[in-house]
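Q:
Numbering (my numbering), first residue to last: 108 to 240.
1) Residue 131 CB to nearest chain B CB: under 7 Å?
2) From the DSSP output, in three-state form, read off residue 201 for me.
3) Do residue 218 and residue 197 count as a contact pair if the criterion is CB distance below 7 Å?
4) Would you mind listing the beta strand (DSSP E) stretches within the stretch 206-237 that are 3+ residues and don't spill past its ends, in chain order?
5) Any chance the stretch 221-237 sits against the stretch 157-177, with 3 or more Cβ pairs inside 8 Å?
6) Skipping 5 residues on each side, what residues in its chain have a beta carbon closer than 7 Å to that of residue 108?
7) Report all residues from its chain with a CB closer than 6 Å to the CB of residue 133; omit the five preceding and five following residues, and keep chain order.
8) Just how far apart, CA to CA, sit residue 124 and residue 178?
9) Kindly indicate which residue of 200, 238, 221 has the alpha-carbon position closest to the one of residue 138.
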């Protein structure tokens with residue numbers, strides 16, 4: 108990844124979701140308060156290379172809930188992780204590498220924010236697989 112996926116700053120309230128689209132737009136549902144005065148939010152930016160010019164490929168994202176944002180320094184107690192779902196890329200349903208054998212794409216996802224989530228920093232790691240057809 109050349110840039111990580113970031114949901115920005117928010118207040119959990121009674122919970123809901125935050126979605127980052129592949130274009131980097133941020134939206135919420137439920138009782139999550141988005142904070143715009145500090146922190147940034149963004150779609151992930153990914154570079155793919157190693158294939159032939161114009162090669163077709165497919166992307167694989169984690170299944171819904173398989174990746175979670177984890178509270179930094181937490182011991183894994185209740186309310187310290189938030190699941191990621193609905194990963195989506197900026198590429199259409201039949202992506203191809205460019206003429207030079209590379210492609211840039213953006214990735215967004217939805218974060219489920221649990222009620223009264225602890226204030227602090229969260230981090231996640233997830234894999235995106237590329238399969239050349």
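All C-beta atoms in this analysis are idealised placements derived from N, C-alpha and C, irrespective of residue type, glycine included.
These numbers come from a predicted model, not from an experiment.
A: Let's see:
1) Absent here is chain B; the protein component of the structure consists of one chain.
2) For residue 201, the three-state secondary structure derived from DSSP is coil.
3) no
4) 209-220
5) yes
6) Correct list, in chain order: 151, 152, 153.
7) 127, 148
8) Each residue's Cα considered, the two are about 17 Å apart.
9) 221
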